[in-house]
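Asks:
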Amino acid sequence: MTALKNDRFLRALLKQPVDVTPVWMMRQAGRYLPEYRASRAHAGDFMSLCMNPQFACEVTLQPLDRYPQLDAAILFSDILTIPDAMGQGLYFETGEGPRFKKVISTLADIEALPIPDPHKDLGYVMDAVSTIRRELNGRVPLIGFSGSPWTLATYMVEGGSSKDFRKTKAMLYDNPQAMHLLLDKLAQSVTSYLNGQIMAGAQAVQIFDTWGGNLSAAAYQEFSLAYMRKIVSGLIREHEGRKVPVILFTKGGGLWLESIADAGADALGLDWTCDIGQARQRVGNRVALQGNMDPTVLYAKPEAIRSEVGRILASYGKGTGHVFNLGHGITPEVNPEHAGAFLRAVHELSAQYHE
Ligand code: CP3
88 MTALKNDRFL RALLKQPVDV TPVWMMRQAG RYLPEYRASR AHAGDFMSLC MNPQFACEVT
148 LQPLDRYPQL DAAILFSDIL TIPDAMGQGL YFETGEGPRF KKVISTLADI EALPIPDPHK
208 DLGYVMDAVS TIRRELNGRV PLIGFSGSPW TLATYMVEGG SSKDFRKTKA MLYDNPQAMH
268 LLLDKLAQSV TSYLNGQIMA GAQAVQIFDT WGGNLSAAAY QEFSLAYMRK IVSGLIREHE
328 GRKVPVILFT KGGGLWLESI ADAGADALGL DWTCDIGQAR QRVGNRVALQ GNMDPTVLYA
388 KPEAIRSEVG RILASYGKGT GHVFNLGHGI TPEVNPEHAG AFLRAVHELS AQYHE
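With my numbering, letter number 40 in the sequence shown gets 127, and the count goes up by one each step, no holes.
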């Protein structure tokens with residue numbers, strides 16, 4: 088296996104010294120890049136990109152080729168591959184986001200759900216990971232990922248995206264046992280899926296809990312965090328002689344950082360609603376932090392982007408344990424030159440915070 092030429096992303100997650108603050112962007116391979124739109128047109132549609140390891144590899148590498156500052160690659164795929172492998176029939180309606188042919192609404196539906204085998208049912212993802220890892224040739228580490236059980240459950244029960252999670256919340260309060268069975272099956276599925284990605288070559292993993300912040304404080308503990316804790320405790324934490332760091336990202340989780348920091352992960356992802364310096368004080372030495380620039384800052388001019396990067400770096404302060412990122416995914420309308428200005432600013436302005 089080729090040695091890593093740039094490992095500052097893995098080092099920062101483990102709070103080891105770095106020369107500059109490492110940076111990557113959630114959704115860094117996506118529609119804001121003209122080369123991505125060309126590949127998608129060539130493949131036919133989004134799911135064809137995900138299901139063909141050569142295409143998945145091509146679009147994963149596009150942002151790295153464009154921006155030499157990126158310190159990590161992220162597998163090109165989607166969180167909804169798991170419900171698809173459970174038989175729900177994922178499809179994307181242009182401009183409408185994800186949809187499922189089969190929606191989960193009763194205890195019987197949940198009891199009938201299989202736990203996917205990562206190699207048999209999600210082999211295209213495992214193949215994408217090993218292909219990307221080979222093509223990266225040690226340039227930067229590769230991040231694998233999954234959705235959190237709660238976030239996956241919202242899509243499975245609503246049948247797609249939702250503003251208010253009406254059906255999912257009703258199931259949670261009317262029939263908590265059914266919800267717990269669904270979340271438990273998802274936790275088992277996510278654990279073996281992420282372990283499959285790690286064995287195929289993922290060097291860090293991130294769990295996207297995009298909708299955890301929509302729960303009450305009590306429900307978050309019981310229906311989201313408890314299952315992420317269970318997953319973390321079942322993950323392979325060392326592979327190829329190196330630690331495999333785990334990042335938990337609950338969007339809207341700023342009020343609960345102390346308890347998320349106790350879930351056993353190496354790092355927490357932060358959205359832009361919390362101050363990263365205060366977050367650092369609250370979690371202490373337990374975890375590293377990843378984040379947290381408001382992605383809409385990228386609509387502003389490069390000078391404004393640079394000053395916001397400087398503010399966040401100063402708030403975090405000196406020392407390792409920070410991976411710079413956006414507080415959520417980059418949006419399709421962003422000018423790619425602005426993303427470049429953002430990435431350059433992180434490396435240029437962060438050297439002063441490291442020995
Ligand atoms: O970060 C990366 O570059 C890796 C790729 C990645 C995608 N989806 C590609 C994608 C990752 C990490 C995801 C995760 C994902 N998918 C999440 C959690 C992260 C988050 O943003 O909170 C969620 C909730 C999904 C479900 C999903 N997939 C939605 C709601 C949509 C539609 C979104 C939209 O903006 O239209 C998708 C489609 C999707 N996943 C696209 C991409 C690049 C756009 C598809 C296209 O090209 O048309």
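Glycine residues also receive a C-beta, built at the ideal position from the N, C-alpha and C atoms.
Note that this is a predicted model, so its numbers are computed, not measured.
If contacts are defined as beta-carbon pairs under 8 angstroms, then T108 and S402 qualify, I think. What distance do you get, rounded to the angstrom?
Replies: The Cβ separation is near 12 angstroms, so there is no contact.
Asks: Cutting at 7 angstroms between CB atoms, please list the residues of its own chain near D171, excluding the five before and the five after it.
Replies: These residues qualify, in order along the chain: L177.
Asks: Roughly how many angstroms separate the alpha carbons of L400 and A354, rounded to a whole number?
Replies: Spanning the two alpha carbons is a distance of roughly 17 angstroms.
Asks: Is DSSP giving E325 helix, strand or coil here?
Replies: It is a strand residue.
Asks: Does the beta carbon of F411 fall short of 6 angstroms from some heavy atom of ligand 1?
Replies: Outside the cutoff, so no.
Asks: If you drop the 5 nearest sequence neighbours on each side, which residues of the same chain put their C-beta closer than 8 angstroms to that of G397?
Replies: Answer for G397: A432, L436, listed in chain order.
Asks: For I363 versus A291, is the C-beta distance shorter than 7 angstroms?
Replies: Against a cut-off of 7 angstroms, the Cβ pair of A291 and I363 comes out as no contact.
Asks: Note down the Cα distance separating G234 from R393, rounded to an integer number of angstroms.
Replies: One C-alpha to the other measures close to 31 angstroms.
Asks: Residues in the same chain with beta-carbon distance under 7 angstroms from R324, minus the five sequence neighbours each way, listed in chain order, please.
Replies: Counting only Cβ-Cβ distances below 7 angstroms, and skipping sequence neighbours, we find K330, V331.
Asks: Assign L342 to one of two classes, buried (16 or more other C-beta atoms within 10 Å of its C-beta) or exposed (fewer than that).
Replies: So L342 ends up on the exposed side.
Asks: What residues match up with E180 in a beta bridge as DSSP calls it?
Replies: DSSP lists G184 as partners of E180.
Asks: Closer than 6 angstroms to a non-hydrogen atom of ligand 1 - does that hold for the CB of R220?
Replies: Every heavy atom of ligand 1 is 6 angstroms or more from the Cβ of R220, so no.
Asks: Taking the beta carbon of A304 as the centre, do at least 16 other beta carbons fall within 10 Å, making it buried, or is it exposed?
Replies: So A304 counts as exposed.
Asks: How close, in whole Å, do the beta carbons of V212 and T407 come, if the pair is a contact with beta carbons under 8 angstroms?
Replies: Actually they are not in contact, since the Cβ atoms of V212 and T407 sit about 31 angstroms apart, beyond 8 angstroms.
Asks: On a CA-only basis, which of G288, T193, G247, D251 is nearest G300? Give me that one, please.
Replies: The residue with the shortest Cα to Cα distance from G300 is D251.
Asks: Measuring alpha carbon to alpha carbon, tell me which residue in N422, L302, M138 is nearest T238.
Replies: The option with the nearest alpha carbon to T238 is L302.
Asks: Under 6 angstroms: does the beta carbon of I161 sit that close to some heavy atom of ligand 1?
Replies: It does: the Cβ of I161 is within 6 angstroms (strictly closer) of some heavy atom of ligand 1.
Asks: Between the beta-carbon of F232 and the beta-carbon of Q293, is there less than 7 angstroms?
Replies: Going by C-beta atoms, F232 is nearer than 7 angstroms to Q293.
Asks: Are the CB atoms of P140 and A215 nearer to each other than 7 angstroms?
Replies: Taking 7 angstroms as the Cβ cut-off, P140 and A215 qualify as a contacting pair.
Asks: Alpha carbons only, please: which of Y280, A265, E183, I285 is nearest the one belonging to S249?
Replies: Answer by Cα proximity: E183.
Asks: Any chance you could list the beta strand (DSSP E) runs of at least 3 consecutive residues sitting entirely within the segment 256-335, in chain order?
Replies: Runs found: 291-296.
Asks: Once you ignore the five residues that flank Q298 on each side, which residues in its own chain have a CB closer than 6 angstroms to its CB?
Replies: It should be pointed out that residue 298 corresponds to Trp in this sequence rather than to Gln. Around W298: T238, T241.
Asks: Would V277 pass as a contact of I191 if the rule is Cβ separation under 7 angstroms?
Replies: Cβ atoms of V277 and I191: not closer than 7 angstroms.
Asks: Just to confirm the assignment, what range does the beta strand (DSSP E) spanning L162 have?
Replies: It is not in any beta strand (DSSP E) - L162 carries neither H nor E in the DSSP assignment.
Asks: Can you list, in chain order, the residues of its chain with a C-beta nearer than 7 angstroms to that of P382? Leave out the 5 residues immediately preceding and following it.
Replies: The residues are L413, G414, H415, G416, I417, T418.
Asks: If I measure Cβ to Cβ from L61 and keep anything under 8 angstroms in the same chain, skipping five residues before and after, which residues do I get?
Replies: Nothing can be reported for residue 61: it is not among the residues displayed for the chain, which extend from 88 to 442.
Asks: Ordered along the chain, which non-local residues of its own chain (more than five positions away) have a Cβ less than 6 angstroms from that of H326?
Replies: Closer than 6 angstroms at Cβ, skipping near neighbours: I285.
Asks: Let me know if T337 comes out buried or exposed under the rule of 16 or more other beta-carbons within 10 Å of its beta-carbon.
Replies: Looking at its Cβ environment, which holds 16 or more other Cβ atoms inside 10 Å, T337 is buried.
Asks: How many angstroms separate the CA atom of Q156 from the CA atom of Y260?
Replies: Each residue's alpha carbon lies about 46 angstroms from the other.
Asks: At 3 residues or longer, what runs of the beta strand (DSSP E) sit wholly inside the segment 345-406?
Replies: 354-356, 375-380, all fully within the segment 345-406.
Asks: Check whether the Cβ of D214 sits closer than 6 angstroms to any heavy atom of ligand 1, and report yes or no.
Replies: No - ligand 1 has no heavy atom lying nearer than 6 angstroms to the Cβ of D214.
Asks: Which stretch, first to last residue, makes up the alpha helix (DSSP H) that contains L217?
Replies: Before going further, note that residue 217 is Ser rather than Leu in the sequence given. First-last of the alpha helix (DSSP H) with S217: 210-223.
Asks: Note down, in chain order, each residue of its chain lying with its Cβ closer than 6 angstroms to the Cβ of T147, except the 5 sequence neighbours on either side.
Replies: Correct list, in chain order: A116, A160, F163, I219.
Asks: Assuming S320 and G351 are in contact, meaning their beta carbons sit under 8 angstroms apart, how far apart are those beta carbons, in whole angstroms?
Replies: Their Cβ separation, rounded to whole angstroms, is 6 angstroms, which keeps S320 and G351 in contact under 8 angstroms.
Asks: Which residue marks the beginning of the beta strand (DSSP E) containing H409, and which one marks its end?
Replies: Note, H409: beta strand (DSSP E), 409-413.
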